[in-house]
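Those letters in the sequence shown? Residues 14 to 281, by my numbering.
Notes follow once the structure below has been shown.
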Amino acid sequence: MSKRALLVGIDRYAHEPLQGCVQDMYAVQDFLIGEGGFADYQCLTLPNEYAHKGAIMQGLDWLVENAEPSEHLLFYFSGHGSQIVTLDADEEIDGRDEVLCAHGFDESDRTAIRDKELARALERLPEGARVLCILDVCHAGGMARGEHRASKAFPLSDHARRLNARGAALGIQLRGFGGGGHARRLVLLAGCEERGSSYEIRLRDKRGGAFTDALLRELRRPGGLTKDLRAVIDAVRAYLDAAGLNQVPSCHLPDELHGAGILGGVWR
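Following this line, the structure appears as structure tokens:
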């Protein structure tokens with residue numbers, strides 16, 4: 014049984030750099046290989062400059078290539094999210110697509126991974142195969158203020174801001190999947206709800222994503238990997254609320270996985 018993970022963490026953006034995304038990426042890798050019990054995991058890590066769009070798309074190809082239903086597949090992204098003008102005006106009533114910001118993001122298709130591109134990359138999964146997608150990003154369209162927090166929303170240019178009046182989190186509505194069969198192949202854990210924010214906070218002697226830190230804490234608990242994922246996210250939500258963060262994580266599960274955990278459910 015193959016176990017593959019594509020892990021992306023980007024701090025070095027030309028505008029509005031972050032500080033904890035690479036730390037997040039390696040924390041997830043350490044969990045998979047160590048505490049998660051997946052010593053034989055094939056982890057492809059793309060930090061900072063290595064996480065240009067071409068490398069990420071090639072990594073997605075590697076992730077789903079020749080996948081089988083029994084495989085453990087994970088895509089993790091920690092970095093900025095934003096919105097850019099849609100290419101499908103007839104489909105998007107708000108005139109924009111949600112995007113992941115690759116390294117060098119400049120609001121162009123050379124550096125933005127649209128929700129539909131992510132969907133197309135994953136739609137090649139065979140029937141029965143699933144990928145766990147964890148996104149510690151947000152698309153709120155502005156920066157949150159706070160001495161100890163930084164939002165993972167990439168501020169739009171004045172031109173883009175006029176075209177895109179509102180912000181939304183990638184994948185919560187699964188627009189690129191059209192709600193059909195492809196959506197059943199994706200299990201999504203997102204750091205925030207639609208129009209929400211994901212924050213960086215100080216973690217001991219370093220910075221990191223509040224959502225990633227809380228999620229790993231919960232999965233490390235006894236039985237965490239087999240616990241109902243919705244209950245996991247509820248616990249993460251409570252942890253973030255107790256920390257005083259206005260951040261509401263969310264979970265998308267296909268109907269047949271309601272009540273399932275990562276092991277024995279998402280990954281069989």
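All C-beta atoms, glycine included, are put in the ideal place defined by N, C-alpha and C.
- Judged by DSSP secondary structure, V144 falls within the beta strand (DSSP E) whose first and last residues are 144-149.
- By the CB criterion at 8 Å, G33 and K219 fall inside the cutoff.
- DSSP places T225 inside the alpha helix (DSSP H), whose first and last residues are 223-233.
- The beta strand (DSSP E) runs lying completely inside the segment 17-98 and spanning 3 residues or more are 55-60, 85-91, 94-98, given in chain order.
- For E130, the uninterrupted alpha helix (DSSP H) segment begins and ends at 128-135.
- The beta-carbon distance between A125 and I97, rounded to whole angstroms, is 5 Å. This is short enough to meet the 8 Å contact definition.
- Taking a C-beta distance under 8 Å as the contact criterion, C56 and A18 qualify as a contact pair.
- Put simply, of D43, G277, W75, D149 the residue whose alpha carbon is nearest the alpha carbon of T239 is G277.
- At a Cβ-Cβ threshold of 8 Å, I246 and L202 count as neighbours.
- Judged by DSSP secondary structure, D247 falls within the alpha helix (DSSP H) whose first and last residues are 242-255.
- Sorting R127, E29, R123, A134 by C-alpha distance to the C-alpha of W75 places A134 at the top.
- Per DSSP, the unbroken beta strand (DSSP E) holding C114 starts and ends at 109-114.
- The alpha-carbon of E62 is positioned some 34 Å away from that of E140.
- Taking the Cα of D254 as reference, the smallest distance to any Cα among D149, Y212, G117, D110 is reached at Y212.
- For S15 and E84, the gap between their C-alpha atoms comes out near 5 Å.
- Approximately 6 Å separates the beta-carbon atoms of S95 and V112; this is inside 8 Å, confirming the contact.
- Residue pairing of R220 in beta bridges, as defined by DSSP: R215.
- With fewer than 16 other Cβ atoms inside 10 Å of its own Cβ, H271 counts as exposed.
- Under the three-state reduction of DSSP, L238 is assigned to coil, being neither helix nor strand.
- One alpha carbon belongs to A251, the other to D241, and they sit about 16 Å apart.
- Taking a C-beta distance under 8 Å as the contact criterion, H93 and Y26 qualify as a contact pair.
- L232 is the residue among L232, A132, P262 whose C-alpha sits nearest the C-alpha of G274.
- Restricting attention to K129, W280, L229, the CA atom closest to the CA of F44 is found in L229.
- In chain order, V77, A80, R198 place their CB closer than 6 Å to the CB of L138, counting only its own chain and leaving out the 5 sequence neighbours on each side.
- Excluding the 5 residues flanking it on each side, A227 has same chain C-beta neighbours closer than 7 Å at V249, Y252, L253, in chain order.
- Secondary structure note for H265: its beta strand (DSSP E) is the uninterrupted segment 263-265.
- Residues G33, Q36, D37 of the same chain have their beta carbon placed closer than 6 Å to that of G221, with the five preceding and five following residues left out of the count.
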